[in-house]
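K.L.:
Numbering (my numbering), first residue to last: 92 to 298. The beta-carbon is built from N, C-alpha and C at its ideal position, and this holds for glycine as well. There's a structure below that I have some questions on.
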């Protein structure tokens with residue numbers, strides 16, 4: 092009696108040697124490994140970008156939202172201001188963002204009236220601010236100054252080293268260096284200089 096052999100169609104998986112991964116299993120492993128590497132690379136790129144953004148907005152520039160009326164009519168509540176920090180040294184006339192925890196934890200926006208070594212005198216009767224004996228041109232203030240309700244505060248001072256004297260453009264509604272709780276501001280408290288209003292668009296302008 093003849094021995095009959097049955098013909099069986101073998102798949103590549105069936106034809107793999109015993110104990111060895113099939114070609115299909117190997118391809119799947121390579122695919123999974125490739126997907127894993129791609130995921131790792133995407134996560135690494137995302138983490139790097141986040142770190143760069145943190146560094147950028149901590150040491151280079153940031154965006155702050157103006158709150159309150161103290162800088163009208165230069166800035167209004169809700170304005171978004173681009174603030175430059177990297178390498179900045181306060182200069183007279185600059186609009187700056189600073190912190191003064193003796194007054195409040197949130198940052199505040201003011202204008203630099205004088206820097207270290209300069210003498211400031213405020214004359215409410217003539218609506219004049221003098222720096223080193225010279226009246227400064229202030230076409231940015233909202234209205235004529237009135238004597239603050241909390242008294243004259245600081246109205247004659249020589250600014251110490253590494254400090255600034257600041258005031259709001261809306262003098263009659265501004266807590267600034269005239270107020271004892273704020274007073275003279277250490278340069279280390281200055282976050283940066285306001286460069287421009289970037290929103291809302293009708294307010295867009297450089298500072």
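Within its chain, find whatever has a CB closer than 6 Å to the CB of residue 218; leave out the 5 residues flanking it on each side and keep chain order.
P.N.:
Looking up residue 218 in the chain shown gives position 127. Counting only Cβ-Cβ distances below 6 Å, and skipping sequence neighbours, we find 235, 236.
K.L.:
Given that a residue counts as buried once 16 or more other Cβ atoms are within 10 Å of its Cβ, and exposed if not, what is residue 102?
P.N.:
Position 11 of the chain shown, counting from 1, holds the residue named residue 102. Residue placement at residue 102 is flagged as unreliable, the pLDDT there being 46, under the threshold of 50; a coordinate-derived value is accordingly withheld.
K.L.:
Would you kindly report the start and end of the unbroken beta strand (DSSP E) that includes residue 210?
P.N.:
As a position in the chain shown, residue 210 is number 119, starting the count at 1. That run of the beta strand (DSSP E) goes 210-214.
K.L.:
For residue 289, name the three-state secondary structure that DSSP assigns.
P.N.:
Here the question's residue 289 lines up with position 198 in the chain shown. Strand at residue 289.
K.L.:
Just grab the DSSP bridge partners of residue 272 for me.
P.N.:
Here residue 272 is taken as the residue at index 181 of the chain shown, counted from 1. For residue 272, which the question treats as bridged, DSSP gives no partner whatsoever.
K.L.:
How many angstroms separate the CA atom of residue 178 from the CA atom of residue 152?
P.N.:
The sequence position of residue 178 within the chain shown is 87, counting from 1. The sequence position of residue 152 within the chain shown is 61, counting from 1. For residue 178 and residue 152, the distance between alpha carbons rounds to 11 Å.
K.L.:
By Cβ distance, which residues of its chain are closer than 8 Å to residue 295, with the 5 residues on each side in sequence left out?
P.N.:
What you label residue 295 is simply residue 204 of the chain shown in a count that begins at 1. If we look at residue 295 and ignore the five residues flanking it on each side, its Cβ neighbours are 287, 288, 289.
K.L.:
CA-CA distance, residue 279 and residue 125?
P.N.:
Indexing the chain shown from 1 puts residue 279 at position 188. Indexing the chain shown from 1 puts residue 125 at position 34. For residue 279 and residue 125, the distance between alpha carbons rounds to 50 Å.
K.L.:
On the DSSP bridge list, what partners appear for residue 175?
P.N.:
Here residue 175 is taken as the residue at index 84 of the chain shown, counted from 1. 152, 284, per the DSSP bridge assignment.
K.L.:
Going straight from the alpha carbon of residue 185 to that of residue 163, what length do you get?
P.N.:
Translated into positions along the chain shown, residue 185 becomes position 94. Translated into positions along the chain shown, residue 163 becomes position 72. C-alpha separation (whole angstroms): 15 Å.
K.L.:
Please name the residue, chosen from 155, 134, 250, that lies closest to residue 65 on a Cα-to-Cα basis.
P.N.:
Beyond the ends of the chain as shown, which are 92 and 298, falls residue 65; an answer cannot be given.
K.L.:
Could you pull out every residue in the same chain whose Cβ sits closer than 6 Å to the Cβ of residue 291, ignoring the five residues on either side in sequence?
P.N.:
Taking the chain shown and counting its residues from 1, the one referred to as residue 291 is at position 200. Within the same chain, residue 291 has no close Cβ partners at all.
K.L.:
Using 8 Å as the cut-off, can you tell me whether the stretch 266-276 makes contact with the stretch 224-233, which would need three or more C-beta pairs spanning the two stretches below that distance?
P.N.:
In short, these stretches do not touch, since the Cβ pair count stays below three.
K.L.:
Among 182, 187, 175, 198, which residue has its Cα nearest to the Cα of residue 165?
P.N.:
To locate residue 165, count along the chain shown from 1; it is residue 74. If we check each option's Cα against that of residue 165, 187 comes out closest.
K.L.:
Determine, using beta carbons only, whether residue 274 and residue 201 come nearer to each other than 7 Å.
P.N.:
If you number the chain shown from 1, residue 274 lands on position 183. If you number the chain shown from 1, residue 201 lands on position 110. Not in contact: residue 274 and residue 201 (Cβ atoms no closer than 7 Å).
K.L.:
Return the CA-CA distance between residue 182 and residue 170, expressed in angstroms with no decimal places.
P.N.:
Indexing the chain shown from 1 puts residue 182 at position 91. Indexing the chain shown from 1 puts residue 170 at position 79. Cα to Cα, residue 182 sits roughly 23 Å from residue 170.
K.L.:
From what residue to what residue does the beta strand (DSSP E) around residue 231 run?
P.N.:
Taking the first residue of the chain shown as position 1, residue 231 is located at position 140. Counting along the chain, residue 231 falls outside any beta strand (DSSP E), and DSSP gives it neither H nor E.
K.L.:
Among the candidates 224, 130, 285, whose CA atom is the shortest distance from the CA of residue 249?
P.N.:
As a first step, residue 249 must be located in the chain shown, where it is residue number 158. Closest by alpha carbon: 224.
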